[in-house]
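Visitor: Supplied in structure tokens, the structure appears directly below.
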Amino acid sequence: MILRSMAVSALALMPVAATVAPADANDRETRFFSQIEGKWRGPGEIVAGKYKGTKFTCEFFGETPSNKLGMTLDGGCRVGLFSQKMKATVKRGGRGYTGQFLDGADGEGLDVIAGSVTPSRAVLTLKRKQLDGAMLARLASKNQLNITVSVTVGETLVPVIGMKLDRVNSLAENR
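Residue numbers (the working numbering): 12 to 186.
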């Protein structure tokens, strides 16, 4: 419950302006998404808001769809005895990205409404009702993925959740 509340609050508060030159965009995007494939695990912390200081551990499995440019991170996070299932799906559609965190803004989650991707990072714009935010997923190395979720407060983007995930294994090892 704590993680879901903070994730929903955090994952939807920032208009992110992102442009990518069409010529090399698919190669750069494909490179990032293929590096996300596999199992990831690591600690996270709520760094702002009501639950500031709450530490948790997450485990996700990353995979890419066979027919579209994008990714899915599926797994969950744990705080003490409590677990929360988490899933984020992002796909390229037309000129931008769309997707959902949990069951989207129509349910208890958030919608991905835009984004940009380079070989080492993805910046996704998130929305839920009046809440705007962004998620930055950055590959610090081939075996470390840092995720920051921020929300817009006034005109300032404020980091709310931070995670440092280590690769447990690659997708090839799971087959």
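Just so you know, even glycine gets a beta-carbon here, dropped at the ideal spot from N, CA and C.
Predicted model, so just to flag it, every value in this text is computed and none were measured.
Rounded to the nearest angstrom, how far is the Cβ of I158 from that of I57, given a contact under 8 Å?
Guide: Wrong, their Cβ atoms sit about 13 Å apart, outside the cutoff.
Visitor: Taking the DSSP output, what are the residues bridged to E74?
Guide: Beta-bridge pairing links E74 to T83.
Visitor: Can you list, in chain order, the residues of its chain whose CB lies under 7 Å from that of K153, leaving out five sequence neighbours each side?
Guide: So the list reads Q46, once near-sequence residues are dropped.
Visitor: Under the rule that 16 or more other beta-carbon atoms within 10 Å means buried, what is L92, buried or exposed?
Guide: Flag for L92 reads exposed.
Visitor: Whole angstroms is fine: what's the gap from R139's alpha carbon to G115's?
Guide: Rounded to the nearest angstrom, the two C-alpha atoms are 8 Å apart.
Visitor: For F43, write down the residues that DSSP places opposite it in a beta bridge.
Guide: In the DSSP output, where bridge partners are listed per residue, F43 has none listed.
Visitor: Opposite A148 in the DSSP bridges: which residues?
Guide: Answer by DSSP bridge pairing, in chain order: A133, I158.
Visitor: Could you give the residue range of the beta strand (DSSP E) that holds Y108?
Guide: It spans 107 to 112 - the beta strand (DSSP E) in which Y108 sits, taken as one unbroken run.
Visitor: Suppose contacts are defined by Cβ-Cβ distances below 9 Å. Is R52 in contact with D177 by that definition?
Guide: Contact flag set, yes.
Visitor: Can you say whether R106 is buried or exposed, counting buried as having 16 or more other CB atoms within 10 angstroms of its CB?
Guide: That one is exposed.
Visitor: Is the separation between the beta-carbon of F72 and that of G55 shorter than 9 Å?
Guide: In this structure, G55 does not lie closer than 9 Å to F72 by Cβ.
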